[in-house]
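To start, the structure itself, in structure tokens.
Residue numbers (my numbering), protein chains in the order written: chain A, 95 to 383; chain B, 107 to 389.
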């Protein structure tokens with residue numbers, strides 16, 4: 095295996111059999127940031143959910159392997175698997191408004207992870223949580239620890255979620271569109287914060303997004319997903335210079351550039367969509383044989 | 107970047123004061139009934155039959171709210187009736203709540219086969235006409251305090267199960283539940299620490315509503331003479347007796363009716379008021 099997280103031929107299907115992920119393979123190297131791009135409905139988030147074992151109950155993994163730090167998660171029992179994931183991976187969720195328990199204060203929600211996963215004492219966890227909140231630039235951390243989630247703004251809550259994701263020093267973090275639910279003005283700060291924290295802690299990061307602009311800022315490598323199929327796997331620099339797959343090229347052309355506000359936006363053309371749809375159909379046909 | 111949202115505090119509203127006040131009065135009246143009731147609630151005196159309440163002419167001292175056709179003091183009977191009403195409200199309400207909420211929580215959070223079994227059971231259960239069901243149950247169990255309580259629990263747990271199931275499903279789909287699972291928490295533990303606190307405000311509202319309903323059901327049962335033994339005073343029994351003489355002595359019917367109305371209303375208002383106070387999101 096050549097990644098800290100290695101996904102091999104992962105297939106996820108709806109209960110009725112229709113495929114959501116079609117033999118997805120990708121690698122996230124230790125300490126690197128891997129972007130996962132695609133339009134909505136392409137199955138980006140489902141890859142993260144399949145890894146973490148939080149797929150909606152209508153979906154199930156029907157094939158493939160998920161290697162995390164040299165262990166195939168699919169071969170473990172559910173309990174063993176949950177323990178393994180809890181100890182090595184964490185999630186930065188998409189919507190900061192629903193990702194914190196509304197009936198609990200912030201402090202216990204962060205320290206709980208440290209007590210649960212690392213077996214720390216309450217006091218140590220408390221100190222560490224304060225330190226982490228400082229690290230994500232939250233003013234007056236001691237006060238925020240005593241607040242309820244609804245008493246804080248969306249940007250603050252996303253910072254707290256980032257702090258809590260890094261709390262137990264996981265070696266892999268899955269960030270599922272962490273900036274999508276936020277104000278544009280806050281997005282950039284949060285993005286920079288995630289990148290900073292990633293560099294400082296040396297965590298591998300799987301960054302799920304539909305925004306190529308975001309990818310260009312934080313990722314080392316990326317995969318482009320269409321209809322649950324990886325159409326291109328590339329290193330960052332090469333991808334932006336010479337995208338290989340026509341769909342990737344069209345996606346790049348459809349991204350607004352801030353440096354050229356007069357430049358027109360090119361929608362992904364029908365020909366490109368037909369092409370990639372044909373590929374997907376071909377893939378399904380091969381599977382069916 | 108200090109956020110002002112944490113500084114809001116809501117004052118105790120008027121409806122919490124009023125409903126709480128009435129219920130406190132009622133609880134005090136029920137507890138101290140033997141000491142504060144002006145007369146023996148069971149003592150009959152046919153010479154003092156159908157005395158009007160104190161502000162009308164032709165009253166006797168001590169009979170504040172008049173007497174019924176057998177000469178029994180209405181106020182004293184209401185105070186003793188409140189004892190039964192409140193015991194039924196508290197015990198039946200709490201038991202219904204615990205059973206219904208537990209089943210609803212399991213169905214809504216675990217889904218799958220536990221949900222299918224519990225939900226089908228609730229569907230079938232709700233198809234029985236509730237009052238007939240209760241009357242049938244008491245006919246089988248025989249009248250008595252525990253029969254009333256069991257009848258209320260048996261017919262009403264479905265209300266809790268339905269509502270709490272829906273709430274648990276909504277909460278279960280939230281990201282914070284997924285986060286707790288990613289952190290390696292067990293499913294049962296997640297249910298208790300993540301879901302339960304968030305459905306608690308709803309449980310409180312339902313519980314107080316259920317207490318009001320329990321008071322009504324007890325009144326209905328005693329109205330049709332299926333409550334506890336006929337010689338203990340109950341509000342429903344008083345209403346039933348007052349009905350026959352409403353043209354000659356309206357007070358025998360009206361006072362217990364007002365007490366019943368205020369009690370049920372207070373329970374539901376108390377629930378709403380408490381929800382406002384305890385729900386961290388509304389607060």
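For glycine and all other residues, C-beta sits at the position ideal for the given N, C-alpha and C.
State the beta-bridge partners of residue i as determined by DSSP.
i: residue 127 of chain B; result: Answer by DSSP bridge pairing: none, since residue 127 of chain B is not bridged.
i: residue 320 of chain A; result: A/323
i: residue 363 of chain B; result: Note: residue 363 of chain B sits in no beta bridge, so no partner.
i: residue 179 of chain B; result: B/173
i: residue 118 of chain A; result: A/104
i: residue 154 of chain A; result: A/107
i: residue 301 of chain A; result: A/129, A/269
i: residue 183 of chain A; result: A/266
i: residue 253 of chain A; result: According to DSSP, residue 253 of chain A bridges with nothing at all.
i: residue 165 of chain A; result: A/162
I'd like to know whether the C-beta of residue i is nearer than 8 Å to at least one C-beta of chain B.
i: residue 195 of chain A; result: yes
i: residue 253 of chain A; result: no
i: residue 368 of chain A; result: no
i: residue 132 of chain A; result: no
i: residue 183 of chain A; result: yes
i: residue 179 of chain A; result: yes
i: residue 235 of chain A; result: no
i: residue 218 of chain A; result: no
i: residue 207 of chain A; result: yes
i: residue 176 of chain A; result: yes
i: residue 272 of chain A; result: no
i: residue 192 of chain A; result: yes
i: residue 277 of chain A; result: no
i: residue 284 of chain A; result: no
i: residue 189 of chain A; result: yes
i: residue 210 of chain A; result: yes
i: residue 295 of chain A; result: no
i: residue 198 of chain A; result: yes
Specify the secondary structure class of residue i as computed by DSSP and reduced to three states.
i: residue 161 of chain B; result: coil
i: residue 270 of chain A; result: strand
i: residue 159 of chain A; result: strand
i: residue 197 of chain B; result: helix
i: residue 113 of chain A; result: strand
i: residue 185 of chain B; result: helix
i: residue 279 of chain A; result: helix
i: residue 285 of chain A; result: helix
i: residue 99 of chain A; result: strand
i: residue 372 of chain A; result: helix
i: residue 315 of chain A; result: strand
i: residue 389 of chain B; result: Any reading at residue 389 of chain B must be qualified, since the residue scores a pLDDT of 45, below 50, and its modelled position is unreliable; no value is offered.
i: residue 291 of chain B; result: coil
i: residue 346 of chain B; result: helix
i: residue 233 of chain B; result: coil
i: residue 329 of chain A; result: strand
i: residue 280 of chain B; result: coil
i: residue 232 of chain A; result: coil
i: residue 249 of chain B; result: coil
i: residue 357 of chain B; result: helix
i: residue 113 of chain B; result: With a pLDDT of 49 at residue 113 of chain B, under the threshold of 50, the modelled position of this residue cannot be trusted; read the value that follows with caution. Helix, per DSSP.
Spell out whether any CB of chain A is found under 8 Å from the CB atom of residue i.
i: residue 220 of chain B; result: no
i: residue 459 of chain B; result: Only positions 107 to 389 of chain B appear in this structure, which leaves residue 459 of chain B out of reach.
Please check the pair residue i and residue j, which I expect to be a contact at CB under 8 Å, by giving their CB distance rounded to whole angstroms.
i: residue 243 of chain B; j: residue 257 of chain B; result: 5 Å
i: residue 347 of chain B; j: residue 360 of chain B; result: The Cβ separation is near 13 Å, so there is no contact.
i: residue 319 of chain A; j: residue 262 of chain A; result: In fact, because the Cβ distance is near 29 Å, the residues do not count as touching under 8 Å.
i: residue 121 of chain B; j: residue 379 of chain B; result: 5 Å
i: residue 210 of chain B; j: residue 270 of chain B; result: 3 Å
i: residue 259 of chain B; j: residue 198 of chain B; result: 6 Å
i: residue 333 of chain B; j: residue 340 of chain B; result: 5 Å
i: residue 290 of chain B; j: residue 177 of chain A; result: 5 Å
i: residue 416 of chain A; j: residue 243 of chain A; result: Nothing can be reported for residue 416 of chain A: it is not among the residues displayed for chain A, which extend from 95 to 383.
Point to revise | Short-range partners of chain A found in the segment 280-307 of chain B, where Cβ spacing is below 7 Å | key: 280, 281, 282, 284, 285, 287, 288, 289, 290, 291, 300, 303, 304
Exercise for review: Closer than 8 Å, Cβ to Cβ, to anything on chain A: give me those residues from the segment 191-223 of chain B, in chain order.
Suggested key: Going along the segment 191-223 of chain B in chain order, one finds 217, 218 with a Cβ nearer than 8 Å to chain A.
Exercise for review: Quick one: which residues of the segment 140-154 of chain A get their C-beta closer than 9 Å to a C-beta of chain B? List them in chain order.
Suggested key: Listed by position along the chain: 143, 146, 147, 148, 150, 151.
Practice item. Compile a chain-ordered list of the residues in the segment 155-173 of chain A whose CB is closer than 9 Å to at least one CB of chain B. Key: 173
Exercise for review: Output, in sequence order along the chain, the residues in the segment 106-133 of chain A whose CB is closer than 9 Å to any CB in chain B.
Suggested key: Cβ contacts with chain B come from no residue of the segment 106-133 of chain A.
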